[in-house]
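In short: position in the sequence shown from 1, add 1317, done, that's my numbering. Everything below concerns the one structure shown next.
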Amino acid sequence: MACRKYMQGCKNKGNSLEKFFSNNEHVRLIENQIIPLGQELKEWAESDYERNGKYPENLVVKGVGGKYLRSKAEAFIDKLLFQHGIPFHYEEKIILGGIAIYPDFTIRHPRTGEYFYWEHFGMMDSQEYVSKVCRKLKLYCDGGIYPSINLITTYETKDHPLGAECIENVIKEYFLQ
């Protein structure tokens, strides 16, 4: 607040932020409060978080770093996110509309830090499962998380599995361009 008042009192015209950072004393005042994005994302990726504790018997496919995932497709996503250095959490709890859900992947964009969620729907040939998917997508939209904007969705059936090439293309489109 003191810095803001000072900047308002400056009579020189020009970019006030630029003026502020051109003064070494100002920089020293705030340097311990600013964390570079790369460091913040690294700390976030390594931090503990509340995971989905339901159906641990379904965690059957070993992913990167020894964690277990629920499907081969999720293991491919896990591996490719890791290989590209994209920070993520697996099945981290979020609250939408007062309901706890666990997106398959909560991802931070490596350049902006923006949050993205990736849901892989792997049993689309089951009508009961499709009904649950529709309810979950509505919950996301009601919570301001939208498909193709900040919600990535992939799908598969028994006859049409999700391949590594498709996952690679999604990662490139959202995080590497």
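Beta carbons: idealized from backbone N, C-alpha and C, even for Gly. Since the structure is predicted, the reported quantities are computational estimates derived from the model, not experimental observations.
Measure how close the beta-carbons of His-1406 and Tyr-1366 come, nearest whole angstrom, since I'm counting them as under 8 Å. 5 Å
Taking Ala-1417 as the reference, which of Lys-1359, Arg-1428, Asn-1369 has the closest Cα? Asn-1369
For a quick check, are the C-beta atoms of Pro-1404 and Leu-1358 less than 8 Å apart? yes
Buried or exposed: where does Leu-1479 fall if 16 or more other Cβ atoms within 10 Å of its Cβ makes it buried? buried
Supposed close pair Tyr-1457, Leu-1413 - CB separation, criterion 8 Å: 7 Å
Report the residue from Asp-1476, Lys-1475, Lys-1489 whose alpha carbon sits nearest the alpha carbon of Ile-1469. Lys-1489
Where the beta strand (DSSP E) through Tyr-1457 begins and ends: Counting along the chain, Tyr-1457 falls outside any beta strand (DSSP E), though it belongs to the alpha helix (DSSP H) covering 1444-1459.
Gly-1460 versus Asp-1442 - alpha carbon distance: 27 Å
Range of the contiguous alpha helix (DSSP H) that encloses Ile-1484: 1481-1492
Kindly indicate which three-state DSSP category Pro-1420 falls into: helix, strand or coil? coil
Residue span of the beta strand (DSSP E) that contains Leu-1468, given as start and end: 1468-1472
In DSSP terms, what Ile-1411 is bridged to: Ile-1418
Between which two residues does the alpha helix (DSSP H) carrying Glu-1391 extend? 1389-1400
Would you kindly report the start and end of the unbroken alpha helix (DSSP H) that includes Glu-1360? 1354-1363
Mapping the DSSP letters down to three states, classify Val-1377 as helix, strand or coil. coil
Element boundaries [beta strand (DSSP E), containing Glu-1436]: 1432-1438
For Val-1381, which residues from the same chain have a beta carbon less than 7 Å from its beta carbon, with the 5 sequence-adjacent residues on both sides left out? Asp-1395, Lys-1396, Phe-1399
With 16 other Cβ atoms within 10 Å as the buried cut-off, status of Gly-1430: exposed
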